[in-house]
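See below for the structure under consideration.
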Amino acid sequence: MNGRRVLGGMIAAALLLGVLLSYGAEAQEPNPPVDPGKFKGKVTVFYVHGSIEGSVMIRDAKFERVRDRWFVTGTAPDVGDQNDWTRDTHAAVDWDRVESFYVFTEEQFQQQVFADPGAI
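Residue numbers for the sequence shown, in mature numbering (1 follows the signal peptide of the UniProt record, and there is no 0): -27 to -1, 1 to 93.
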């Protein structure tokens, strides 16, 4: 009888330990999918699956986690169009919808935009 109690106690302790370890793993914040330093001080063009516009431009992009999804957030750059209502607004893209992206230095971006405004 004593052996059964000890065995039952060991099983209960093992189950409790498993639950506690799995809780700790879930509480840990996962790493962003791409090194955030890649975007610092740069303008990134994200091509988004299913987007009418096709691309979203973000300056100083960083990753933010909302519930269980990653978003790339930052500021929409000025592309020299006075009618561009997105200029200098907060922008975000669902990382799961990004098909590709291109990272430009500020100088490269300005040269590309003003050399051929429709290129990006």
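Don't be surprised by glycine CBs; every beta carbon is placed ideally from N, CA and C.
Computed from a predicted model, the values in this text were never measured in an experiment.
Quiz item: Do the stretch 20 to 27 and the stretch 52 to 59 make contact, defined as three or more Cβ pairs closer than 8 angstroms?
Solution: Output reads no: the stretch 52 to 59 does not touch the stretch 20 to 27.
Self-check item: Alpha-carbon spacing of F87 relative to P3, whole angstroms
Solution: When the Cα atoms are used, F87 and P3 turn out to be separated by approximately 39 angstroms.
Self-check item: C-beta contact flag for V66 and F12 at 9 angstroms
Solution: The answer is no: Cβ separation not under 9 angstroms.
Quiz item: Does the beta-carbon of P50 have 16 or more other beta-carbons within 10 angstroms, so that it is buried, or is it exposed?
Solution: Around the beta carbon of P50, 16 or more other beta carbons sit within 10 angstroms, so the residue counts as buried.
Practice problem: Compute the Euclidean distance between the alpha carbons of R70 and V21, then round it to the nearest angstrom. | Solution: For R70 and V21, the distance between alpha carbons rounds to 5 angstroms.
Quiz prompt | Other residues of its chain near Q81: CB distance less than 6 angstroms, five sequence neighbours each side excluded | solution = Taken in chain order, the list of residues that qualify is empty.
Exercise. Within the same chain, show all residues whose beta-carbon is closer than 6 angstroms to that of P5, passing over the 5 residues directly before and after it, in chain order.
Key: Its chain contains F36 as the residues whose beta carbon lies nearer than 6 angstroms to that of P5, once the 5 sequence neighbours on both sides are disregarded; these appear in chain order.
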